[in-house]
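Working notes, structure below.
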Amino acid sequence: MKNPVDRRQFLKIAGMSLGVGALYRVAPALAGEPGAQVAQQLAKKNGERVVPFSFVQMSDAHVGFNGPPNPTGTKAFERAVEVVNRLPQRPDLVLFTGDLTHDSEDQGERAARMRRFKEIAGRLRVPVVKTVPGEHDAGIDEGALYHEMFGESSYAFDHRGVHFIGLDNVSRARPEVGSERIAWLRKDLARFAPSTPVVVFTHRPLFDLKPEWEWFTSDGDEVMNVLAPYENVTVLYGHIHREDVHASGRARHFAARSLIFAFPDPQGQGEKKPIPFDKDKPFANLGVRALRARPGKPPAQFALGLEDVELTMREFSGTEGFNQLLKAGTP
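Using numbering that gives the first Met the number 0, read the sequence shown as starting at 0 and increasing by one per residue.
Written out as structure tokens, the structure is:
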């Protein structure tokens, strides 16, 4: 490529913005001649010019679960769909990072729960909904029913200049991606320039967050080694039922909240037990995170502005969308 674009130049000119959790904004400012050159180079290399868009992440609905940590069943999931549908700017995509359903040993019940998930997700007024499985969806049968109901569990696609990778790290009945999928990932990425924006969405964290709680992927380091040459990598995951932000090398990892019940802070002294249900605040600790990224200072880091989004019982009106739900931002 003539005049290759390094990460600092890309971030300075393109100003790619990724919001994480519920609402993502990808908003490159490719104005003027230098920006146009970057766009042309990326389009030539990747096959698609980077243009602004937004997308949404949801996680861990556990459709079919009903118990003391959350006796409301799918209500939080259904409320999240309401929130997304009321956004003033319609997202291009919704990504769901696993545990769509709660597991069951009854195959018919598992299928019914997956159909119920699809029915609720089908209410989303967005062009595309993508999913990856969680262990509750795929651990029992190595993903056989998931594949039948939802299709491939690892796949990739390009959208407006950003390369998205759905990565299954649960279907082997243990927390790992596996050598075949890692080989597929390496082959998939081989055609892209190092500056290509890459978003990986998966279920379990790809780093050792809390191994004793099974918050890890055993071959996550191998996956991150494949991603290491790429300078604009964002990893989105679920599984831990709470927000979390983690950096590894040049990649940033973000966990979304659950839509069923929350787990405690892994850095605390507590056990891995769901946070008790509060009937007066049935959606407490449930929801998603909105994140805005902007060009950082040298040596070219993303400057992230975080906004914690928690579902409430509040009725939504007008076109305020997420602005009605935002708590104080985290710098």
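C-beta: ideal position from N, C-alpha, C; glycine also.
Assumed close pair Y236, T201 - CB separation to whole angstroms, cut-off 8 Å: For the purposes of this step, residue 236 is taken as the residue at position 237 of the sequence shown. For the purposes of this step, residue 201 is taken as the residue at position 202 of the sequence shown. Y236 to T201, Cβ: 5 Å. Contact.
Segment contact flag, the region 110-119 with the region 184-191, C-beta cutoff 8 Å, min 3 pairs: no
Reduced DSSP category for G165 - H, G, I as helix; E, B as strand; rest coil: If you number the sequence shown from 1, residue 165 lands on position 166. Residue state, collapsed to three classes: strand.
Per-residue burial, V169 [other beta carbons within 10 Å of its own, 16 or more giving buried]: The count along the sequence shown starts at 1 and reaches residue 169 at position 170. The residue in question, V169, is buried, as its Cβ has 16 or more Cβ neighbours within 10 Å.
Every unbroken alpha helix (DSSP H) inside the region 216-253 [4 residues or more]: 219-226
Nearest residue (CA-CA) to F282, options N69, S53, N65: For this step, residue 282 is matched to residue 283 along the sequence shown. Selected option, being the one with the closest Cα: N69.
Residues of its chain near V93, where Cβ-Cβ distance is below 6 Å and the 5 sequence neighbours each way are ignored: As a position in the sequence shown, residue 93 is number 94, starting the count at 1. Only V55, L123, V125, V128 meet the Cβ criterion.
Among L258, F156, E179, the one whose alpha carbon lies nearest that of F64: Position 65 of the sequence shown holds residue 64. If we check each option's Cα against that of F64, L258 comes out closest.
Buried versus exposed, by CB contacts within 10 Å (16 or more), F215: On the sequence shown, residue 215 is found 216 positions in, with the first residue counted as 1. Of the other Cβ atoms in all chains shown, 16 or more fall within 10 Å of the Cβ of F215; this residue is therefore buried.
Span separating the alpha-carbon of D243 from that of H252: Against the sequence shown, residue 243 aligns to sequence position 244. Against the sequence shown, residue 252 aligns to sequence position 253. Spanning the two alpha carbons is a distance of roughly 8 Å.
Proximity of A250 and L226 at Cβ, strictly below 8 Å: Taking the sequence shown and counting its residues from 1, one reaches residue 250 at position 251. Taking the sequence shown and counting its residues from 1, one reaches residue 226 at position 227. Their beta carbons are under 8 Å apart, which means A250 touches L226 by this criterion.
Counted within 10 angstroms of its Cβ, other Cβ atoms place K272 as buried (16 or more) or exposed: Residue numbering aside, residue 272 sits at position 273 when the sequence shown is read from its first letter. Result: exposed.
Residue nearest to G138 in terms of C-alpha spacing, selected from R180, T130, A111, E104: Taking the first residue of the sequence shown as position 1, residue 138 is located at position 139. Of the listed residues, the one whose Cα sits closest to G138 is E104.
Which of helix, strand or coil DSSP assigns to N69: Working through the sequence shown from its first residue, we reach residue 69 at position 70. Three-state DSSP puts N69 in a strand.
Strand pairing of D136, partner residues [DSSP]: On the sequence shown, position 137 is the one that residue 136 refers to. D136 pairs with nothing; no bridge assigned.
Backbone secondary structure at Q56 - three-state DSSP: As a first step, residue 56 is located in the sequence shown; it is residue number 57 there, counting from the start. Three-state DSSP puts Q56 in a strand.
Classification of A182 by the beta-carbon crowding that lies within 10 angstroms, buried from 16 upward: Residue 182 sits at position 183 when you count from the first residue of the sequence shown. Its Cβ having fewer than 16 others within 10 Å, A182 is exposed.
H99 versus G286 - alpha carbon distance: Along the sequence shown, read from residue 1 onward, the residue named residue 99 stands at position 100. Along the sequence shown, read from residue 1 onward, the residue named residue 286 stands at position 287. A small fix is needed here, since residue 99 is Leu in this sequence, not His. Between L99 and G286, the C-alpha separation is close to 15 Å.
Residue range of the alpha helix (DSSP H) that includes A110: The count along the sequence shown starts at 1 and reaches residue 110 at position 111. Note, A110: alpha helix (DSSP H), 106-120.
As assigned by DSSP and simplified to three states, the class of T311: Taking the first residue of the sequence shown as 1, we reach residue 311 at position 312. Correct three-state label for T311: coil.
Through-space distance from G219 to H158, alpha-carbon basis: For the purposes of this step, residue 158 is taken as the residue at position 159 of the sequence shown. For the purposes of this step, residue 219 is taken as the residue at position 220 of the sequence shown. Approximately 25 Å, taken between the alpha carbons.
Close Cβ partners of F260 (< 6 Å) along its chain, the five nearest in sequence each way excluded: Here the question's residue 260 lines up with position 261 in the sequence shown. Excluding positions up to five away in sequence, the list reads P68, N69, P273.
C-beta contact flag for S153 and G97 at 8 Å: For the purposes of this step, residue 153 is taken as residue 154 along the sequence shown, with counting starting at 1. For the purposes of this step, residue 97 is taken as residue 98 along the sequence shown, with counting starting at 1. The answer is no: Cβ separation not under 8 Å.
Completely contained beta strand (DSSP E) runs for the region 140-202, where each covers 3 or more residues: 154-158, 161-166, 196-201
Buried or exposed by the 16-neighbour rule on C-beta atoms within 10 Å, applied to P196: Position 197 of the sequence shown, counted from the start, is the residue given in the question as residue 196. Buried: at least 16 other Cβ atoms inside 10 Å.
Status (buried if at least 16 other CB within 10 Å, exposed otherwise) for P345: Outside the displayed span of the chain (0 to 330) sits residue 345, for which this structure offers no information.
Spatial distance of V348 from R89 (CA atoms): Outside the modelled stretch of the chain, which goes from 0 to 330, sits residue 348, for which no answer is possible.
Buried or exposed (CB count within 10 angstroms, at least 16 for buried), R173: Here residue 173 corresponds to residue number 174 of the sequence shown, with the count starting at 1. The residue in question, R173, is exposed, as its Cβ has fewer than 16 Cβ neighbours within 10 Å.
Inter-residue Cα distance where the pair is S53 and D91: Against the sequence shown, residue 53 aligns to sequence position 54. Against the sequence shown, residue 91 aligns to sequence position 92. A direct Cα-Cα distance of roughly 6 Å separates S53 from D91.
Top-ranked residue by Cα proximity to K209, from F149, G142, D277, F262: In the sequence shown, the residue the question calls residue 209 occupies position 210. Cα-wise, what sits closest to K209 is F262.
Proximity winner among F95, R241, W212, relative to I164 (alpha-carbon distances): Start at 1 with the first residue of the sequence shown, and residue 164 comes out as number 165. Residue F95 is the option with its Cα nearest to I164.
Backbone CA spacing between E141 and R171 [nearest angstrom]: Here residue 141 refers to the residue found at position 142 when the sequence shown is read from its first residue. Here residue 171 refers to the residue found at position 172 when the sequence shown is read from its first residue. Approximately 6 Å, taken between the alpha carbons.
For A155 and N224, the rounded distance between their alpha carbons: Stepping through the sequence shown from its first residue, residue 224 is reached at position 225. Stepping through the sequence shown from its first residue, residue 155 is reached at position 156. Spanning the two alpha carbons is a distance of roughly 18 Å.
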